[in-house]
Amino acid sequence: VRTYMTVRLASTIPVLFLITLIVFAITYLIPGDPATVMLGPDASPDQIAAVREEMGLNSPLTVRYARWVSRVAQGDLGTSYFSQTPVSVLVRRAMPASVQLMLFGTLIALAISIPAALISATRKNSAFDMLATVGAFAGISTPSFWLGIVLVWLFAVRWRMLPASGYVPPSEDLVRNLRGMILPSITLGLIMAAELMRYLRAGLLKTLADDYILTARMKGVREWLILLRHAFKNALIPFVTVLGLALAQLLGGTIVIEEVFAIPGMGRLGLNAILNRDYMVVQAVVLVMAAAFLLVNLVVDILYSVLDPRIRLGSRGGVK
Amino acid sequence: MLTKVSVGRSAGRLLVLALAAALVLSGCSKGTQTPQTGPDQPQAAAKKEGPITVALAGDTTTLDPSGTELITWAIVRNQVFEALLKMDPKTLEMKPHIAQSWKWEDPTTLSITIRPNVTFHDGQKLTAEDVKFSILHFVDPTTGSPFRGRMASVQAIDVVSETELKLRLSAPDAGVIGGLGQVFLVKKDTPVETLKAKANGTGPYKLVEWQQGNFIKLEPNTSYWNGSAPAQPLTFKIMSQMETRISSALAGDVDVLLDVDLKEVPRLQKESAVSLLLSSPGDNMWVAYLNARRPALKDERVRKALAYALDRETYVKAFQSGLAKVTNSPHSALGAFYDKATEGQYPYDLKKAAALLAEAGYPGGKGLKLTLVFPSGYPDLKTGSEMWQSALAELGVQAEVKELELAAWSNAVAKQFDFDIAWDIKQDGASDPAVLYSTTGSFAPGPTNRNAMFEDTYPELTALLKQGKGTLDPAERVATYHKVNEFWNEHMIQYTIAAKPVAYAVRKGVSGLDPHPSIRYLDLTKLKRQ
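Here it is, written out as structure tokens:
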């Protein structure tokens, strides 16, 4: 497993390098100019030119890329054009809220999708199964911002149970932090749960129809043991794949949720940076998100090898 | 089958546990409790303790008072920093503030006397040297103030004493008075990097913490020079979505909403949790730039036809809750320079528009294709653009409506001039036309303009503007700017659509908000909980 992890980790380095290139190129393709944004539409061309020079935007793209990559390699993400704050400080400040949101959202999604899929698969075509299926389709087709607004209206405005927006760091007040995270996490989790539930249910149904399950039943193994030890474990492999992809979607989903609930996370930081053409921040946010996606994929790959020992790099005759 | 039941039971138990945890969390907090009542029921007062929270639509990009003119920063800045003069909310005139008095010694020399007892938040005394430094910082192009043109005629500044200074101008410029309300004072020799990161003003509030993208916290300046420190601290919460801001106010998470969308006003008027306050329509204005760089729009008959083709009264009634006021003047209706005689001009009249187009060589709109651009995030501009588009279609004109992301819109409108018609909201924070027509004003003649104000096309207008700026006699200036307005409408230099009031909402139990028509000058020092 160690060799497998080392090889997988090493393979992320060229991918990350490629990402830096793409991120840099895409950032500079966005129409608009940070100097114009900073000075406003009434600025004269002279003023814009002066500020562009001060920001170092007049150097050739290749020079700017080389400068940026060498700094990133040394752990320096640059300085925000607008606030003059080191980007690493901005990222460090925004990261906890996003990580917490994604973690809670994922936990909620798993807490809903796994039991719902287990019940649905064991009670195919029952009222619960129908209800869960309808619920899952509704979840998949519901825009997260709309769901967020509805939840806020019900739980914050109408019933005054939870705050409508904002973020309090856990170190400041844990209870207020958790209260504030309930609605955004549920919004994020519900959407994700719908997709996960559908995949896990389908995987379980397929596995439950396999011969070895029939054999286990004939041998008198208890039904819950068959379900959890045999069927569920095997259905987990495609589920983990989908979970990895869903987590990637979650990275994008947080942007919307952070906007609706006014959470100062990575998504909001990135969005504001795009609107301001704060290239350094945009590049850093995309890079960190891409790195997070690679990390999630790495964890998924490692989980594969744990779930199915045949899936290991270099194992003889194993599935790779 | 039993096993299935047990799976279901486990899941059920988990669900009950999760719900119980959520209920416990929803009921406990170190913070204050809010009663569990619906919005239709009488609301309890806002939280009694803690700072007054104000929802802010966006963050600032700097703490340098002259570094940006973002409205969101201007609102915070106005509590922390101070200028020499302050705009009166009723008349929009500039009144003494840090400057006790000012006097024109001759048409190009303005002498100013400042208050002797003003101190910065760090305890240092404000002197005339600080004022000089602040003006020079404001006009420095690298500072980045888009309003720096308001003080462009300042050639030299002489410090006479600790409390007196003289501004020497390159030419007579009455607009400098408006500019003095825009120069926010900072301590002499403060490095630019420090100005960007640390706010050391003289205002009634001190900035204690700025967490980018999240909040800005202010506390009362207990040694404020006029002896009346604000009652409570302020926290600006950054919430970019209007719906989030409204929900948060209704849920009791924020106390004050600023610049509420006018179409949301009827909805909020029905909510007992908040009170609505409306300013008079004054400084804010919807305008449309008619790009006379384009051959078709060089012809003033086409520009006039476009003006007749927009049903502004319906736009205001249907989409702005009837609260805005159609205007044909670039000058604020609250100020002395407004000309009532312009009212009623350019009513919605498609017949007249069609006749003008035919006269200009576009019978039945044939051959006329226009691009109408507006920045995204402004539904009011989108609605207006689409209304205009459909009216133009009736005239046979093909108008393409483009919603551009703000930076791309800025680029297209101010840099590339790649548009025919562009919607904008003018928020200059100035009532003096000399400021509006200064080099960085909304209606600046010159290379950055987006309308038909080219010196060679309309020399008569250029002469009038020069006269208005260079005359110090108030009555003469009023008469001159009335002529400017007359000329402006006669040749449809630029289309002014409607003046917009500013809507504010405060939670019940919070008082002291004076609804300023220019949100840049909003004073929050009297805010308190009853």
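In the order they appear, the protein sequences are chains A and B.
Residues in the first sequence are numbered from 497 upward in steps of one, following our numbering.
Residues in the second sequence are numbered from 672 upward in steps of one, following our numbering.
Note that CB positions come from ideal geometry on N, CA and C, so glycine has one too.
Beta-ladder partner(s) of residue i, from DSSP
i       : result
B/S782  : B/K774, B/K837
B/Y1175 : B/L948
B/D637  : The question about residue 637 of chain B has no answer here: the residues shown for chain B are numbered 672 through 1201.
A/M762  : DSSP, once it has assigned bridges, lists no residue as partnering A/M762.
B/V1181 : B/R1200
B/F855  : B/A754
B/V997  : B/A1169
B/A989  : In the DSSP output, where bridge partners are listed per residue, B/A989 has none listed.
Own chain residues within Cβ distance below 7 Å of residue i, not counting five before or after
i       : result
A/I509  : none
B/S919  : A726, M910, V925
B/L1107 : P1001, D1099, A1101, S1113, F1114
A/L696  : S609, I610, A613, A731, F735
A/L586  : S576, L765, V777
B/F990  : K934, D1051, T1054
A/A605  : G685, M688, A689, L692
B/T1167 : M956, V958, T998, N999, S1000, P1001
A/I641  : In the sequence on display, residue 641 of chain A carries Phe and not Ile. Only V752, V756 meet the Cβ criterion.
A/I678  : L658
A/Y561  : F520
B/L618  : Chain B is shown only over 672 to 1201; residue 618 of chain B falls outside these bounds and no answer can be derived.
Residue i, DSSP secondary structure in three states
i       : result
A/R567  : helix
B/V879  : strand
A/I636  : helix
B/F1090 : coil
B/F818  : coil
A/W655  : coil
B/I769  : coil
A/V519  : helix
A/T581  : coil
B/L928  : strand
B/K888  : strand
A/V717  : coil
B/A844  : In the sequence under discussion, the amino acid at residue 844 of chain B is Asp, which differs from the Ala named in the question. Coil, per DSSP.
B/F804  : helix
B/A799  : helix
B/L1077 : helix
B/E1071 : strand
A/R697  : helix
B/D711  : With a pLDDT of 37 at B/D711, under the threshold of 50, the modelled position of that residue is not reliable, and the figure given next carries that caveat. Looking at B/D711 - three-state DSSP - the assignment turns out to be coil, as it is neither helix nor strand.
A/L514  : helix
B/T865  : helix
Cut-off 6 Å between Cβ atoms - residues of its own chain near residue i, not counting five sequence neighbours on either side
i      : result
B/F791 : K858, N871, T873
B/S782 : K774, E776, K837
B/A976 : A1024, L1027, L1028
Sequence-distant residues of the same chain with beta carbon closer than 8 Å to residue i, five excluded per side
i       : result
A/V511  : L790
B/Q1201 : A716, G1180, V1181, S1182
B/A995  : L933, P952, W957, V987, A1169, A1170, K1171, P1172
B/L1021 : Y979, A980, A1062, E1065, L1066
Residue i vs residue j beta-carbon contact at 9 Å
i       : j       : result
B/S824  : B/L840  : yes
B/S943  : B/P1188 : no
B/D1095 : B/G1006 : no
A/D542  : B/P787  : no
A/P760  : A/P666  : no
B/R974  : B/M1163 : yes
B/M822  : B/V847  : yes
B/V1072 : B/G1036 : no
A/V648  : B/T915  : yes
B/I1190 : B/L929  : yes
- Pull out every residue of the stretch 890–910 of chain B whose Cβ sits closer than 9 Å to any Cβ of chain A, in chain order. K908, I909, M910
- Just by C-beta distance, which residues in the stretch 809–828 of chain B are closer than 7 Å to chain A? P812, T813, G815, P817
- Query: Taking any Cβ of chain A, which residues in the stretch 1072–1093 of chain B have a Cβ under 9 Å from it, in chain order?
  - Reply: L1075, E1076, L1077, A1078, A1079, W1080, S1081, N1082, A1083, V1084, A1085, K1086
- Message: Can you pull out the residues from the stretch 583–596 of chain A whose beta carbon lies closer than 8 Å to at least one beta carbon of chain B?
- Response: L586, R589, A590
- Query: In chain order, what residues of the stretch 928–947 of chain B put their CB closer than 7 Å to some CB of chain A?
  - Reply: none
- Item | Interfacial residues, the stretch 864–877 of chain B to chain A, with Cβ spacing under 8 Å | E864, K867, A868
- Interface residues of the stretch 648–664 of chain A facing chain B [CB-CB below 8 Å]: V648, W649, F651, A652, V653, R654, W655, R656, M657, L658, P659, A660, S661, G662, Y663
- When Cβ atoms are compared, which residues of the stretch 793–807 of chain A fall closer than 8 Å to chain B? none
- If contact means a Cβ-Cβ distance below 8 Å, which residues of the stretch 986–1013 of chain B contact chain A? none
- Query: According to a CB-to-CB cut-off of less than 7 Å, which residues of the stretch 762–778 of chain A neighbour chain B?
  - Reply: R764, L765, N768, L771, N772, R773
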